[in-house]
Every structure is written in structure tokens, then in C-alpha cells.
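Numbering follows my numbering, with no gaps: position 130 of the sequence shown is 127.
Using N, Cα and C, we set each Cβ at its ideal position, and we do this for glycine too.
Structure record follows, encoded as C-alpha cells.
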Amino acid sequence: MFKFIVKRILSAIPVLLIVVFITFFLMRMLPGDVAVQILGHDAPPGDLEILRETLGLNEPKLVQFWDYIQGILHGDLGTSLYNNLPVMENIRNSLEPTILIMIFSILISVVIGIPVGVISAVHRNSILDYLLMTVSVFGLSIPVFWSGIMLAYYVGTLWGVLPNMYYYPISQVGLGQAIQYVILPSVALGFQSVASIARYTRSTMLDTLGEDYIRTARAKGLAERVVLYQHALKNAMSPVITHIGTNMASLMGGACVIETVFGINGMGKLAYDSLIRRDYTQVQAIILVVALVYIVINLVVDILYKVFDPRVELS
């Protein structure tokens, strides 16, 4: 296990280098002038030139890239071009709500999606199955921003059950109150994943229930609950785990939209605002952090494969 983790970490280094390279040069291919974006279109040409020189924008692109790599190796991802703060400080300030939204949206997806998929597979071709799958298709077809707006209006504004805008840190309002601010965004973000995981779980469960060892277990007189949960579900979980890991990646993308809808200053909104402002260094740091998260998710998924199916060799 330890050797496997070390190998995966080492193999991630070239991936991160490629991500850094592509992000760096793509950001500099975007139209627009960073200096004009910061100082405005009415700024004197002399001031614009001084700012370009200060930011190192007049240097050749390869020189800028080499300086950036050296900074990364020394733990310095740069300074935001917008507010002149270290980019990692901006990320730390916006990370808390995004983490909470991700955790709760994943919990909602798994806790609801897997049982719905199992129930649908067990009652295949029944009215219950058709009903659950129809709701799943409906859930997959709803855009994240629309479900967010509907929840914010009805649950937050009309009924006044939960806060529907903004987020206040745990240090200010406490964990319980902070969680209330992320419930609606988490439900809106996790709704599509519930439908996706439910349909995928149903498919893998149906494949597993058709295997010979399941028929053998039933022929031996094992209780149906034992057959379903100790044999079928356990073996059907491996591909479902992969699907959940893939869904986590899409949830991170959806966080950008949902945080904008609810006015939450999280990682997604920071990424969106930084792109609009042409804040190169901030966008590069965000993408690097997201790439690291993806790599960790894939590593955890591979380890969970081994947990659910001991026959799998980590190599």
C-alpha cells in the first residue's frame, strides 16, 4: 500500500507540471491587457507601462514561466494582481464555504443516491422502479443554477426556513449557523449527483444480481437481505465508487455556479471573479489546487477499491 501511494505521488508530478504549463500559457493568450484591467482604460500610458514592468509582463513568456516555476518550488505561488495579497491567502479565505458545500453535497448524493438505486434494482420493472428512474431523469435534466434559484426563492425567501444568501465564517457565527448557510447550495449542487448515482447504482446492481454466485447464494437459502447487502451491493460498489469520484470533479465545477447564485465568496466565485479580472496568478493557483484535489480524489478512490474488493491488487 505504501509503495503504491508513493508511486502515485511521483506519477502526479509530471501531471501537475503539464497543468501548470498549459494554464500559464493559456492565461496569457487571453485577449485584454492586465495593466488596463487594473488601472482602467483612462490610465496614462506611462502608468500602464510602469505597472507592466512591475508585474514582469514585459519579460519574454518563457522567462515569466521560469520565474513562476522557481516560485512554486520555493512555496510561493505569487501575488494576486487584483488585491496584491498572496494568492494562497485568498484561497484560504474562500476555501471554508466551498469545503462545506462539497462535503454536504457529496453526503446528500451518496446517502440518497445509492439506496434509491438499490431499491430501483430490487424492484426492477415495477411502478416504483419507473417512478424513481423518472425522477432521476428529471433530476439530471435540471440545471444547477435553476434548482439553486428555486430553492433560494421558495425555501429561503418565501418560506424563510433557511438563509438563502451569503455565508459567514465559522469563527464568526459558529459551526451550526455556518452549516445553515450552505444547506441550500449543497442540496442544489447535489441534486443532479443524486440522480446520476441512483441510475448508475441501479445499473451495476442489476448486472451483479444476474451473476451466478448470487443465484448460488439464493439457492443455499440465504436471506434476501444478506444476499443483497453482503454479496450484491458490496461487489457492485467498486464501479459506483469510481462514478462518485468522477461526480466529485463535476461538483467542484458546479460550485462556481452555485456560489455565484447564492452570493457565497467561495473558491468557485473566486475563480470566476479572477477570470473576469484577468488575475493570472490567482487563476493559476486555483487550477493548481484543484488539480491536486483531483489527484487526491483518484488516489482515495483506488484505495477504496481495495477496501471493498480485497481481490483488487494495487499496482
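Cross-strand partners of residue i (DSSP beta bridge)
i	result
Pro83	Thr76
Counted within 10 angstroms of its Cβ, other Cβ atoms place residue i as buried (16 or more) or exposed
i	result
Gly114	buried
Val16	buried
Asn55	exposed
Ser123	exposed
Val280	buried
Lys0	exposed
Arg212	exposed
Met147	exposed
Asp317	The displayed coordinates of the chain run from -2 to 312. Any statement about residue 317 would go beyond what the structure contains.
Arg196	buried
Leu267	buried
His240	buried
Thr131	exposed
Ser138	exposed
Leu7	exposed
Leu172	exposed
Gly207	exposed
Ala214	buried
Leu14	exposed
Beta-carbon proximity list for residue i, same chain, < 7 angstroms, skipping 5 on both sides
i	result
Gln169	none
Leu36	Asp44, Leu45 and Leu48
Arg121	Leu203
Gln350	The structure shown does not extend to residue 350, since the chain spans only -2 to 312, so no value can be given for it.
Val141	Ala185, Leu186, Gln189, Gly251, Val254 and Ile255
Leu70	none
Gly136	Phe188, Gln189, Val191 and Ala192
Leu320	Past the edges of the chain, shown from -2 to 312, lies residue 320, and the structure says nothing about it.
Residues near residue i in its chain [Cβ-Cβ closer than 6 angstroms; skip 5 each side]
i	result
Ile261	Pro94 and Tyr164
Leu225	none
Ser106	Gly187, Ser190, Val191 and Ile194
Tyr79	Arg274 and Asp276
Ala9	Ile292
Thr205	Ala229, Asn232 and Ala233
Ala175	Ile167
Ile109	Val191
Residue from the options whose Cα sits closest to the Cα of residue i
i	options	result
Pro182	Trp143, His71 and Tyr210	Trp143
Thr243	Leu7, Ile103, Ile109 and Gly72	Ile103
Thr20	Lys4, Ile66, Gly29 and Ile146	Ile66
Ser200	Ala9, Ala118 and His38	Ala118
Glu50	Leu129, His240, Thr198 and Val31	Val31
Met24	Val132, Arg274, Ser133 and Met234	Arg274
Ser271	Pro41, Trp63, Thr205 and Ser77	Ser77
Ile88	Gly265, His71 and Gly72	Gly265
Tyr269	Leu172, Ser91 and Leu52	Ser91
Phe18	Val60, Ile294 and Asn295	Val60
Phe62	Phe22, Met(-2), Leu52 and Ile100	Phe22
Nonlocal neighbours in the same chain, by C-beta distance under 8 angstroms from residue i, ignoring five residues either side
i	result
Ile98	Val179, Pro182, Ser183, Leu186, Ala252, Ile255, Glu256, Ile261 and Gly263
Ile238	Val298, Leu301, Tyr302 and Phe305
Val12	Ala288 and Ile292
Asn161	Leu148, Ala149, Tyr150, Val152, Gly153, Thr154, Leu181 and Phe259
Leu74	Gly68, Pro83, Val84, Met85, Thr278, Gln281, Ala282 and Leu285
Residue i: CB within 7 angstroms of a non-hydrogen atom of the ligand GTP
i	result
Leu92	With respect to small molecules bound, the structure shown includes none, and the ligand GTP cannot be examined in it.
### Task
Kindly confirm or deny that the stretch 283 to 296 and the stretch 222 to 235 touch, where touching means at least three C-beta pairs closer than 8 angstroms.
no
### Message
For the stretch 189 to 204 against the stretch 240 to 254, do three or more pairs of beta-carbon atoms, one drawn from each stretch, fall closer than 8 angstroms, so that the two count as touching?
### Response
yes
### Query
Do the stretch 67 to 85 and the stretch 150 to 167 make contact, defined as three or more Cβ pairs closer than 8 angstroms?
no
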